[in-house]
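Contents: one structure, followed by commentary.
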């Protein structure tokens, strides 16, 4: 039996590696969503999920044939400081990244990933939704880097500049991860257990 393909609308290397690690057959596609078009809400979880939904609206899908079925995943991850309520996205530069890590030194952070998983069928020359599952996964991280170690951290681990809150707990970042609550893979970029369960419900062939 041939495997299904999960179309991942993300350029994140961490997300790609996570899917590779659990042997999910996937292809990377692009999207042209403008995340700034999503209005900030009082409910942070809903805000993150709305960004993932906006990405889904603007995914560049391949041409299909009548009756063809595909599976598409979009995701967005943001960090929210637990006490001061500061939203931390991807840093604009190394100074911004240091600012974020100084905040993380002071307080535990909430990390939310919004996922949009949709099963689509090509019908009447367009992709139509057959089944969808939109959800959020929440984890908490206590991440502590001493001031004198910041420069070395980015020298050894430059990919942290592309992570929400400049917080990466894998590889070299493990030495600064004091504690986590919740899904480990969610903190890295995708809540794998939840995604696998959702794919099973959609009869995805692994």
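Numbering (the working numbering), first residue to last: 391 to 596.
Heads up, the beta-carbon is just placed ideally off N, CA and C, and yes, glycines get one too.
What whole-angstrom Cβ distance do residue 484 and residue 531 have, given they're in contact under 8 angstroms? In fact, because the Cβ distance is near 21 angstroms, the residues do not count as touching under 8 angstroms.
What are the uninterrupted segments assigned as beta strand (DSSP E) that are 3 or more residues long and contained completely in the region 393 to 431, given in chain order? 396 to 398, 416 to 418
Selected residue, minimal CA-CA separation from residue 460, among 403, 399, 412: By alpha-carbon distance to residue 460, the top candidate from 403, 399, 412 is 399.
With a cut-off of 8 angstroms on the beta carbons, I'd call residue 521 and residue 506 a contact; round off their distance for me. In this structure residue 521 does not touch residue 506 by the C-beta definition: roughly 12 angstroms separates them, more than the 8 angstroms allowed.
With 16 other CB atoms within 10 Å as the buried threshold, where does residue 455 fall? The Cβ neighbour count for residue 455, taken over all protein chains shown within 10 Å, is under 16; the residue is labelled exposed.
In or out: residue 440 buried (at least 16 other Cβ within 10 Å) or exposed? Buried, by the Cβ-count rule.
DSSP state of residue 456 mapped onto helix, strand, coil: coil
Rounded to the nearest angstrom, what separates residue 458 and residue 512 at their Cα positions? 5 angstroms
Whether residue 559 touches residue 533 by CB criterion (9 angstroms): Cβ atoms of residue 559 and residue 533: closer than 9 angstroms.
At the level of alpha carbons, what is the spacing between residue 494 and residue 471? 7 angstroms
If you draw a straight line from the alpha carbon of residue 428 to that of residue 437, how long is it in whole angstroms? 8 angstroms
Assigned exposure category for residue 401 - 16 Cβ within 10 Å defines buried: Burial call: exposed.
What is the rounded straight-line gap between the Cα of residue 603 and the Cα of residue 510? Not covered by the structure: residue 603. The range shown for the chain is 391 to 596.
Mind reading off the beta-carbon distance from residue 599 to residue 555? Whole number of angstroms is fine, and I expect it under 8 angstroms. The requested residue 599 is not part of the displayed model; the chain covers only 391 to 596.
Pick out whichever of 410, 408, 416 has its Cα sitting closest to the Cα of residue 392. 416
Can you give me the Cβ contacts of residue 588 inside the same chain, cut-off strictly under 6 angstroms, excluding the 5 residues immediately before and after it? 507, 523
Going by Cα to Cα distance, which pick from 462, 535, 528 is closest to residue 487? 535
Return yes when the Cβ of residue 516 is within less than 9 angstroms of the Cβ of residue 435, no when it is not. no
Comparing the CB of residue 526 with every heavy atom of the ligand NAP, is any distance shorter than 8 angstroms? As for the ligand NAP, it is missing from this structure, which has no ligand bound.
For residue 433, count the other beta carbons within 10 Å of its own beta carbon; 16 or more makes it buried, fewer makes it exposed. Which is it? exposed
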